[in-house]
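Numbering (my numbering), first residue to last: 203 to 358. Inspection log for the structure reproduced underneath, given as structure tokens.
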């Protein structure tokens, strides 16, 4: 079954992030089944490396065999929206792959999570708060779906 998954660390702390993410999640679900799962934040008392490692282990536990893992990292490949749409279409058309985007927490993604990634993509070279990165990613997934359907949302 064609489906898109998003795995991320922590739940939204502010309502406006959650509202924006929920809105885009509903928009995406009009085109393709969409699932979002959250790994709990690492303990705040831990040093950043240990916190990131704990979060990474939790993210890895959420992965499923069919997941084609795409991690977000500012050092990843930056794609224009049209190229991102083509990448998403390729994955959605492949019966053996299910696009699964992974967004880390405040300290980023553990090396173990990056190691299982099939692709590393970037929303830009600037560092974004992880909650904002999730919302921007969801908007870009929605934009990709409208591009693939030839809808006017994208404004070529």
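C-beta atoms are modelled at their ideal positions from N, C-alpha and C, and glycine is treated no differently.
{"query": "Alpha helix (DSSP H) segments (min. 4 residues) lying fully within the region 207-254", "result": "217-231"}
{"query": "Per-residue DSSP class, three states only, for residue 320", "result": "coil"}
{"query": "Under 8 Å between C-beta atoms of residue 301 and residue 206", "result": "yes"}
{"query": "Residue 334 burial status per 10 Å Cβ neighbour count (16 or more: buried)", "result": "exposed"}
{"query": "Unbroken alpha helix (DSSP H) run spanning residue 427, endpoints", "result": "The question about residue 427 has no answer here: the residues shown for the chain are numbered 203 through 358."}
{"query": "Nearest neighbour of residue 322, chosen from 332, 258, 330, 305 [CA to CA]", "result": "305"}
{"query": "Supposed close pair residue 319, residue 262 - CB separation, criterion 8 Å", "result": "The Cβ separation is near 11 Å, so there is no contact."}
{"query": "Contact belief for residue 346 with residue 287 at Cβ below 8 Å, rounded distance in angstroms", "result": "4 Å"}
{"query": "Residue(s) in a DSSP beta bridge with residue 274", "result": "323"}
{"query": "Cut-off 8 Å between Cβ atoms - residues of its own chain near residue 294, not counting five sequence neighbours on either side", "result": "204, 206, 234, 301"}
{"query": "Three-state class that DSSP yields for residue 352 in the structure shown", "result": "coil"}
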